[in-house]
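Here is the structure:
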């Protein structure tokens, strides 16, 4: 079974631009969660989607948004990029019915803002 | 509310010696607990999980952890460290039985293994 696939792996943008990151979950997984990882703040939860609906959201500004498609693939969008958005963005998928089902992570997209 | 405290930001051991990575959690609900490992430029890999049942949980690569409710701890151990164990380790808590797929991460423990 293929794992969680995130594209692209690396991205360089400048302040003020916007970016879209993509995540393909493990086949059969209906839940996709997004996390931001930085040296200063560690791993922080962005949001979770289940069956195309946002089920949970972390404490991030509205510039961060996401969506999930009918095939469970998910995208995350960040608008008006700031230097502080430089981070590793991780996507995780699970079957999604209850929290004791482990989340499986992709290798992440490393976003650098110049 | 839920949170995790990893008591050591860095742990160094010699190859062949035991590993102990300490984790305390706080949860208003019955917790599900996990340990994940992250190698450089990679995502997180699940080592083991505790949800219910036996409090001593065995994971991959010889790691195990013990859930101690009275101490609110979930320490990770391995009898004999290997060079390939060098990585960052994250203790994670979520709300057991919740349909909300949110994980709460500790700040991580960087494990260095000396030859």
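Residue numbers (the working numbering), protein chains in the order written: chain A, 907 to 1020; chain B, 9 to 123. Just so it is clear, CB atoms sit at the ideal spot from N, CA and C, and this is done for glycine as well. On a predicted model such as this, the values are computed, not experimentally measured, just so you know.
If you draw a straight line from the alpha carbon of residue 979(A) to that of residue 80(B), how long is it in whole angstroms?
So the two alpha carbons sit approximately 36 Å from each other.
For residue 972(A), name the three-state secondary structure that DSSP assigns.
Residue state, collapsed to three classes: strand.
Taking the alpha-carbon of residue 56(B) as reference, which of 65(B), 110(B), 48(B), 116(B) has the nearest alpha-carbon?
Of the candidates 65(B), 110(B), 48(B), 116(B), the one whose C-alpha sits nearest the C-alpha of residue 56(B) is 65(B).
Using only alpha-carbon positions, find the residue among 1001(A), 924(A), 915(A), 914(A) that is nearest to residue 989(A).
Of the listed residues, the one whose Cα sits closest to residue 989(A) is 924(A).
Counting only Cβ pairs nearer than 8 Å, list the residues of chain B close to residue 965(A).
Here the premise fails: no neighbours, minimum Cβ distance about 12 Å.
Closest by CA to residue 931(A), which one among 1018(A), 1014(A), 967(A), 1020(A)?
For the residues 1018(A), 1014(A), 967(A), 1020(A), the minimum Cα distance to residue 931(A) belongs to 1014(A).
May I have the straight-line CA-CA distance separating residue 43(B) from residue 116(B), to the nearest angstrom?
Those two C-alpha atoms are separated by around 10 Å.
Below 8 Å on the Cβ atoms is my contact criterion, and I expect residue 85(B) with residue 12(B) to pass it. Report the Cβ-Cβ distance as a whole number of Å.
Going by Cβ atoms, the distance from residue 85(B) to residue 12(B) rounds to 17 Å, so no, they are not a contact pair.
For the beta strand (DSSP E) holding residue 103(B), just list the boundary residues, first then last.
Residue 103(B) -> beta strand (DSSP E) spans 95 to 103.
Which residues of chain B have a Cβ atom closer than 7 Å to the Cβ of residue 1014(A), listed in chain order?
In chain order: 51.
For the beta strand (DSSP E) containing residue 982(A), name the first residue and the last one.
Run containing residue 982(A): 980 to 984, per the beta strand (DSSP E) assignment.
Please confirm whether residue 66(B) has its beta-carbon closer than 7 Å to some beta-carbon of chain A.
It does not: the Cβ of residue 66(B) has no partner Cβ on chain A nearer than 7 Å.
Which chain A residues sit within Cβ distance under 9 Å of residue 61(B)?
None at all; the shortest Cβ gap to chain A is about 11 Å.
Can you say whether residue 68(B) is buried or exposed, counting buried as having 16 or more other CB atoms within 10 angstroms of its CB?
Per the 10 Å Cβ criterion, exposed.
Select from 31(B), 62(B), 53(B) the residue whose C-alpha is nearest the C-alpha of residue 95(B).
The shortest Cα separation from residue 95(B) among 31(B), 62(B), 53(B) belongs to 53(B).
Are any of the Cβ atoms in chain A nearer than 7 Å to that of residue 129(B)?
Nothing in the structure corresponds to residue 129(B), since chain B is present only between 9 and 123.
Determine the chain C residues that contact residue 1011(A) at a beta-carbon separation under 7 Å, and present them in chain order.
You won't find chain C in this structure, because its protein chains are A and B.
Looking at the unbroken beta strand (DSSP E) that takes in residue 69(B), where does it start and where does it end?
Careful: residue 69(B) lies outside any beta strand (DSSP E) and carries neither H nor E.
For a quick check, are the C-beta atoms of residue 956(A) and residue 939(A) less than 7 Å apart?
Their beta carbons are not under 7 Å apart, which means residue 956(A) does not touch residue 939(A) by this criterion.
Which of helix, strand or coil does DSSP assign to residue 54(B)?
Note: residue 54(B) maps to strand in three-state DSSP.
Can you list, in chain order, the residues of its chain with a C-beta nearer than 8 Å to that of residue 919(A)? Leave out the 5 residues immediately preceding and following it.
Here the set comprises 925, 987, 1017, 1018, 1019, 1020.
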